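Here is the structure we will look at, set down as structure tokens.
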Amino acid sequence: MDVVRTPSTGWIEVVVGSMFSGKSEELIRRLRRAEIARQRVQIFKPAVDTRFSDDHIVSHSELRIPSARARDSAELLSQIKPDTEVVGIDEGQFFDAGLPAVATELAARGMRVVIAGLDQDYLGKPFEPMPQLLAIAEYITKTRAICMVCGNPANHTQRLIHSEDRVLLGAQNIYEARCRQCFDPTLSRADEATKAEAR
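No gaps in the numbering here: position 28 of the sequence shown is 28 in our numbering, and each next residue is one more.
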């Protein structure tokens with residue numbers, strides 16, 4: 001999605017979906033286009049997310065773009081430079097409840113704010129603060145992955161190991177994309193193997 005920029009008008013764009021659906025890839029694409037247009041861009045990721053790199057946003061397809069880290073939304077806001085035109089934020093679900101207010105403030109300053117993140121947790125429940133960001137965003141993109149069981153469009157993130165922690169960082173071997181019919185938040189990989197053997 002490309003938007004024609006009007007001077008001193010800010011807005012919020014949100015890209016949401018399951019894991020492996022291309023959210024970070026879409027975020028990187030939009031931010032690279034802004035950089036090509038010589039817009040002043042700042043890019044952030046949550047400090048807790050060190051899976052692929054400390055100083056880059058990295059997609060599962062291995063696209064990457066340099067980024068700064070922030071522990072919470074207040075620290076992110078404190079790092080914004082006055083002449084910034086575009087702010088990119090990855091893994092929005094790992095930020096605190098203050099992120100929507102920060103995004104609103106930056107948009108009010110005339111900045112384009114692009115945020116990517118999971119809209120649902122491993123139980124299929126809304127993953128705050130993404131629902132609040134969806135409510136205030138001018139532009140919303142919902143990405144879908146491919147179900148690893150049946151090949152249909154996938155909107156859920158299936159956790160494959162047993163853990164009741166809401167935040168459990170990982171990628172392959174811990175999560176996979178599932179469609180509505182194949183998604184079962186009560187199953188781990190061991191449970192699925194047992195079910196398969198019983199068939």
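Don't be surprised by glycine CBs; every beta carbon is placed ideally from N, CA and C.
Remember, it's a predicted structure, so these values are computed and weren't measured experimentally.
Residue of the options minimising C-alpha distance to residue i
i	options	result
K125	A47, S53, R33 and R180	R180
L99	M111, E75 and K81	E75
Q120	V16, G10, R109 and S8	V16
Y122	V167, S8 and R112	V167
N155	D165, T141 and E13	T141
D184	D165, S163 and R159	R159
E164	G151, T186 and E176	T186
A101	L27, L133 and D90	L133
R201	E105, L106, A116 and S18	Within the shown structure, residues of the chain are numbered from 1 to 199, placing residue 201 beyond reach of any answer.
S53	E176, R32 and D90	D90
E105	F127, A137, P131 and L118	A137
DSSP three-state assignment for residue i, whether helix, strand or coil
i	result
P82	coil
P153	strand
L118	strand
E164	coil
Q181	coil
Own chain partners of residue i with C-beta closer than 8 Å, once the 5 adjacent residues on each side are dropped
i	result
P153	R144, A145, I146, C147 and C179
S61	G22 and E25
V149	R178, C179 and C182
A108	G10
Q79	Q42, F44, A68 and A70
L31	V41, I43, I65, V86, G88 and V114
Supposed contact pair residue j and residue i - C-beta distance, whole angstroms, cut 8 Å
i	j	result
A129	G88	As written in the sequence, residue 129 is Pro, which differs from the Ala given in the question. No, P129 and G88 are not in contact; Cβ-Cβ is about 16 Å, not under 8 Å.
I57	I36	Their Cβ separation, rounded to whole angstroms, is 17 Å, which puts I57 and I36 out of contact at 8 Å.
F94	D49	6 Å
Spatial neighbours of residue i in its chain, beta-carbon cut-off 6 Å, leaving aside the 5 residues before and after
i	result
R40	D83, T84 and E85
H34	Note that residue 34 is Ala in the sequence shown here, rather than His. Correct list, in chain order: V41 and V86.
R199	Note that R199 scores a pLDDT of 47, beneath 50, so its modelled location is shaky and nothing firm can be said.
A97	P129
G110	S8 and G10
E13	V114 and Y139
R64	H56 and V58
Sequence-distant residues of its chain with Cβ nearer than 7 Å to residue i (five each side left out)
i	result
K81	Q42
Min CB distance residue i to chain D below 8 Å
i	result
Q39	Here there is only one protein chain, and chain D is not present.
Going residue by residue through the stretch 24-91, where are the continuous beta strand (DSSP E) segments of at least 3 residues, counting only ones entirely within it? With a minimum length of 3 residues, the continuous beta strand (DSSP E) runs that stay inside the stretch 24-91 are 41-46, 56-58, 64-66, 68-70 and 86-89.
List, from N- to C-terminal side, the beta strand (DSSP E) runs of 3 residues or more that fit wholly inside the stretch 121-146. Listed in chain order, the complete beta strand (DSSP E) runs (minimum 3 residues) inside the stretch 121-146 are 139-143.
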